[in-house]
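Here numbering that gives the first Met the number 0 is used: the first residue of the sequence shown is 0, the next is one more, and so on.
Notes for the one structure printed next.
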Amino acid sequence: MASIPHSLVMSSGNLASAASVSDLLRSSSSGVPLKSLGRTRFGVKRSEMSVSAKLRKVKKHEYPWPDDADLNVKGGPLVHLSHFKPLKEKPKPVTLDFEKPLMDLQKKIVDVQKMANETGLDFSDQIILLETKYQQALKDLYTHLTPIQRVNIARHPNRPTFLDHIFNITERFVELHGDRCGYDDPAIVTGIGTIDGKNYMFMGHQKGRNTKENIQRNFGMPTPHGYRKALRMMYYADHHGFPIITFIDTPGAYADLKSEELGQGEAIAHNLRTMFGLKVPIISIVIGEGGSGGALAIGCANKMLMLENAVFYVASPEACAAILWKSAKAAPKAAEKLKITSGELCKLGIADGIIPEPLGGAHADPHWTSQQIKTAILDSMDELNKMDTENLLKHRSLKYRKIGGFQEGVPVDPKKKVNMKKKEEPIVKPGKSCEELEGEVEDLKQKILKAKESSSLPPEEGLNEMLKKLKIEVDYEFSEAMKSLGLKDKLTSLQEDFDKARNSQDQALTISLKDKIEKLKHEFKQILHTAPNYPSLKYKADMLSEISKAKDHSENNSKASALKQEINIKFKEVLDRPDIKSKMEALKSEIEASGLQSVTELSEDQKEKILQIKQEIEVELGEILKQMDLHVQPRSVSNMKNKVEELNQETMAVMEDMINSSDLKNQIELLKLEKAKAGQNNLSPETKSKIQAMEDEIKKTIFDAMNSSALKEKYERLTSELSNEEDNSSSVDESRVNFEAKRSFV
Numbered sequence: 000m001a002s003i004p005h006s007l008v009m010s011s012g013n014l015a016s017a018a019s020v021s022d023l024l025r026s027s028s029s030g031v032p033l034k035s036l037g038r039t040r041f042g043v044k045r046s047e048m049s050v051s052a053k054l055r056k057v058k059k060h061e062y063p064w065p066d067d068a069d070l071n072v073k074g075g076p077l078v079h080l081s082h083f084k085p086l087k088e089k090p091k092p093v094t095l096d097f098e099k100p101l102m103d104l105q106k107k108i109v110d111v112q113k114m115a116n117e118t119g120l121d122f123s124d125q126i127i128l129l130e131t132k133y134q135q136a137l138k139d140l141y142t143h144l145t146p147i148q149r150v151n152i153a154r155h156p157n158r159p160t161f162l163d164h165i166f167n168i169t170e171r172f173v174e175l176h177g178d179r180c181g182y183d184d185p186a187i188v189t190g191i192g193t194i195d196g197k198n199y200m201f202m203g204h205q206k207g208r209n210t211k212e213n214i215q216r217n218f219g220m221p222t223p224h225g226y227r228k229a230l231r232m233m234y235y236a237d238h239h240g241f242p243i244i245t246f247i248d249t250p251g252a253y254a255d256l257k258s259e260e261l262g263q264g265e266a267i268a269h270n271l272r273t274m275f276g277l278k279v280p281i282i283s284i285v286i287g288e289g290g291s292g293g294a295l296a297i298g299c300a301n302k303m304l305m306l307e308n309a310v311f312y313v314a315s316p317e318a319c320a321a322i323l324w325k326s327a328k329a330a331p332k333a334a335e336k337l338k339i340t341s342g343e344l345c346k347l348g349i350a351d352g353i354i355p356e357p358l359g360g361a362h363a364d365p366h367w368t369s370q371q372i373k374t375a376i377l378d379s380m381d382e383l384n385k386m387d388t389e390n391l392l393k394h395r396s397l398k399y400r401k402i403g404g405f406q407e408g409v410p411v412d413p414k415k416k417v418n419m420k421k422k423e424e425p426i427v428k429p430g431k432s433c434e435e436l437e438g439e440v441e442d443l444k445q446k447i448l449k450a451k452e453s454s455s456l457p458p459e460e461g462l463n464e465m466l467k468k469l470k471i472e473v474d475y476e477f478s479e480a481m482k483s484l485g486l487k488d489k490l491t492s493l494q495e496d497f498d499k500a501r502n503s504q505d506q507a508l509t510i511s512l513k514d515k516i517e518k519l520k521h522e523f524k525q526i527l528h529t530a531p532n533y534p535s536l537k538y539k540a541d542m543l544s545e546i547s548k549a550k551d552h553s554e555n556n557s558k559a560s561a562l563k564q565e566i567n568i569k570f571k572e573v574l575d576r577p578d579i580k581s582k583m584e585a586l587k588s589e590i591e592a593s594g595l596q597s598v599t600e601l602s603e604d605q606k607e608k609i610l611q612i613k614q615e616i617e618v619e620l621g622e623i624l625k626q627m628d629l630h631v632q633p634r635s636v637s638n639m640k641n642k643v644e645e646l647n648q649e650t651m652a653v654m655e656d657m658i659n660s661s662d663l664k665n666q667i668e669l670l671k672l673e674k675a676k677a678g679q680n681n682l683s684p685e686t687k688s689k690i691q692a693m694e695d696e697i698k699k700t701i702f703d704a705m706n707s708s709a710l711k712e713k714y715e716r717l718t719s720e721l722s723n724e725e726d727n728s729s730s731v732d733e734s735r736v737n738f739e740a741k742r743s744f745v
C-alpha cells in the first residue's frame, strides 16, 4: 500500500468520495477488488471510511552528494560520486611467515627505545646499529625472494588496490557503471581519468581492503557482467580515441553456476577478440596476482607491465600442486616450475617491463608505488603514440605471436636432464678381456649350430648384438692404442681442423687436411705393432671380421633359401597349369601303355614329345624368372665368363707390376710434378706438348710390356672362342666389353 498516492489517503469523507476511492482501488491492473486479495481491510461505515498504510524506515545515504560536500576536494566534486572512500580506521599490520625474523629485530628496536625512555639513558648507538641491521636484513630478504614468497606478497591484505593507485596518479577520475544488459559488477571498476591533462580510459579488478569490502567486491573475481562492462568501455574509448589502461589484480573469473549460465567463457572470449582490434594504445599493469582467463580478458595489450612482486599465472600454485603432486603443500615447488614472477615472465617475453616496489612490498609505501606506475604509463604511452593505427595493431598482434620458442645450446642441469629422459645403458662396457669375448662368441656359435640342426633361421639378434659389442671393443682398443703411442693430441687437432673444413669452401684447406690425414694414418700403421694392446686389438678386429662374414653368409643363405622357395612355388604353378598337366598325363599314360622298361627303349616320337614339353616348361619358367629380375645363364656361357674373369685378373696383375716398377714409377712421378707446376689453367703450347709426350711415352711402355707377354696369345684365343660361340648371352658380351675396355685403357 506504500505505492498508493498520498492524495488518495484520507481520514474521513462523505460516501461519494468514499465510492470514488473504492472505484479507483477496484480499477487496479487485473480489475480484481483489492479486498478479495486479502492484503488490506477496508472499514466502511455509513458516515466515514479510513485507509491505513505502513511505511518502511529507510537508512539515510550520503549519495549522490553528502550534506557537507567539499567543492575543493582533490579530483573535483565528482569524486563524491565514487563508493570508494578512505577507510576510517587504518588496516591492521599483517606479518607474513618469512617476515618474522624482521619483526623480531623491530621488536628489539622498540624495546630498546622504551628502555631509553624509561631510564633516561642514551641508547642511540645501539638503536642506530639495530636499525642498520634491520634495513640490511630487509634488503637481503626482499632481494632474494622465492616465487612462493612473491605470491604471498601479491596477495597481501594491505596491498594497494586499483582505486588506490587511480586516485594517486590521476587529477580527476569519474567512475562509469553498468554493462547495459545486466547489473553493475563491483569486481571490475571502469572510468575516465586524466594524467597531465590527457584523458585515459581506466579499468581494472578491484579487491576489498577489509572483509566487508571483499564480500562486496566478490574478492576481485568478476562475473560476465563485469567483463561486458569492460567491453562497453573499450568500445567507448575506441570511439572517442581514449588510450586504455587496465589494472590486473584477480585470482580468476568467478566460476559459480550462475556465471556459467550467463556466459562467462563467451564474455572472456569476446573481450579477447575485441582487444586485438581496438585502434587505441592499450597498456596492462599487473599490480597483484593475474589468474588465468579472468586476468587475460582485460590484459591483451600492446605492453604488459608488472609490479616487482606481482605474479601472472594460468593456474595458481596451489591448484597446480594439487593436480601434479596431489597435495597443495607442494605449492612452493609448483610456483618455481610455473615461472610466474615478473623477472621470469620478462625473460620469456610475456611481460614487457618491471615496475619497482619499495622494500617491504607496495603496501610499505603505496604513494611511491603509484608514482612509479604513473612514470611507467607515461613512458610507454610516449612510445605507443608514435605509431600509426596499422603499426599499433601489428605491434599488438606480434607481441603475442612471438611468445614461446626454443632455446638451443643452453646447458641443462644434470638432475633435470636425468628426469627429462631415461639414460640408455650401453650394450657393453668397453675393455673386456679376450677370454670373455671368446666365451660369448662360442655361445653364439653353439646357438647358430643348433639353429642349423633344427633347420631354422640363425639368431639374427644374437649376431647383431655381438657385432655391436665387438665394434665398441675395437673402437676402445684403437683409442687406447692412440693414447699409448702419443697420437691422441694429433687426432684431436685433426678432428677440429676437419670440423672447420667441413663448413669452409676453401679447397686448399681441404687438400692440406687430406694430406694430414694420410700422414697420420701412415704413421699410425707404421707403429701400431708397438702398442701395448696390439695383440688384444688384432684379436678383436679379427673376431669382428669373422662375425661380419658369418652375418653376411647368413643373410645370403636366408635370401637364397627364400629365393629358392619362391622359385619352387613358381615352378609348381607352371607344372600345375591345365594344358601342361594334360600333356604330361597323356605322355605318361602313352609310355605306360607301351610297356617300356627303360629310357633307352623310348621311340624318337616319344623323345620329341618329351623335349617339346621340356622346352615349353623352360620357356614359361624363364618368363617367370625374368619377371623376378633373374637371368638364366647356360653352362657354356658360365664357363666363358670364368675364363674372361681369369684373364682380367691376370691382366690387372701384370699392370700393377708394371706400374710399381722403378722406371715407370719415376716417369709417372715426373708427369705429376710437371702437371703440378703448370697448374690447371692457361697452359702454354710448349707445356701441353711436353705433357702429351710424357703421357704417350708411359702408354707406349705399358703397351709394349702387354704385347710382349703371354697375355696376347690368351686374349686372341679367347676372342676366337667367343666369336665361335653361337648363343652369347648379354652377360658374356658385357664381360668382353669390360675386358676390351681395360685393354684399351692400358
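The beta-carbon is built from N, C-alpha and C at its ideal position, and this holds for glycine as well.
Asked	Found
Own chain partners of Tyr182 with C-beta closer than 7 angstroms, once the 5 adjacent residues on each side are dropped	His224
Buried versus exposed call for Glu712 [16 or more other C-beta atoms within 10 Å across all chains shown]	exposed
Helix, strand or coil at Phe275 according to DSSP, with G and I counted as helix	coil
DSSP beta-bridge partners of Ile191	Val173, Met200
Whether Ala254 touches Tyr226 by CB criterion (8 angstroms)	no
Sheet register partners of Val310 (DSSP bridge)	Glu288, Thr340
Exposure label - Asn308; buried when at least 16 CB within 10 Å	buried
Best match in Ile510, Ser535, Leu484 for proximity to Ala524 [C-alpha to C-alpha]	According to the sequence shown, residue 524 is Lys rather than Ala. Nearest of Ile510, Ser535, Leu484 to Lys524, Cα basis: Leu484.
Helix, strand or coil at Met627 [DSSP, three-state]	coil
Limits of the alpha helix (DSSP H) - the one that Thr131 falls within	123-142
Residues near Phe246 in its chain [Cβ-Cβ closer than 6 angstroms; skip 5 each side]	Phe161, Gly203, Ile284, Ile286
Simplified DSSP assignment, three categories, for Leu486	coil
Asp575 in three-state terms, based on DSSP	coil
Contacts around Ser258, its chain only, beta-carbon distance under 8 angstroms, and the 5 residues preceding and following it disregarded	Thr222, Pro223, Ala252
Straight-line Cα distance separating Ile281 from Leu391	9 angstroms
Bridge partner(s) assigned by DSSP for Ile281	Ile243
Own chain, CB closer than 8 angstroms to Leu261, minus 5 neighbours either side, in chain order	Gly181, Thr222, Pro223, His224
Length of the line joining the Cα atoms of Cys345 and Leu144	17 angstroms
His521, buried or exposed, once every other Cβ within 10 Å from all chains shown has been counted against 16	exposed
Buried or exposed by the 16-neighbour rule on C-beta atoms within 10 Å, applied to Phe497	exposed
Nearest-angstrom Cα separation, counted from Ser511 out to Ala333	57 angstroms
Given Glu545 as reference, the closest of Glu407, His362, Met465 once Cα atoms are compared	Met465
Best match in Asp351, Pro357, Gln370 for proximity to Lys401 [C-alpha to C-alpha]	Asp351
Contact check, Gln148 vs Pro185, beta carbons under 8 angstroms	no
Buried or exposed by the 16-neighbour rule on C-beta atoms within 10 Å, applied to Tyr234	exposed
Enclosing beta strand (DSSP E) for Ile353 [first to last residue]	352-354
Proximity test, Asp496 beta-carbon vs the ligand GDP heavy atom, cut-off 7 angstroms	As far as ligands go, the structure on display features none, and thus does not contain the ligand GDP.
Counterpart residues of Lys302 in DSSP-defined beta bridges	Ile282
Whether Leu670 touches Ile701 by CB criterion (8 angstroms)	no
Thr374 - DSSP class collapsed to helix/strand/coil	helix
Extent of the continuous alpha helix (DSSP H) to which Ser258 belongs	256-260
Three-state secondary structure assigned by DSSP to Thr718	helix
Boundaries (first-last residue) of the alpha helix (DSSP H) holding Val93	From DSSP, Val93 is part of no alpha helix (DSSP H); its letter is neither H nor E.
CB contact flag (Val93, Asn198, <8 angstroms)	no
Residue closest to Ala268, alpha-carbon to alpha-carbon, out of Leu256, Thr249, Ser291, Asp248	Ser291
Range of the contiguous alpha helix (DSSP H) that encloses Ile214	210-215
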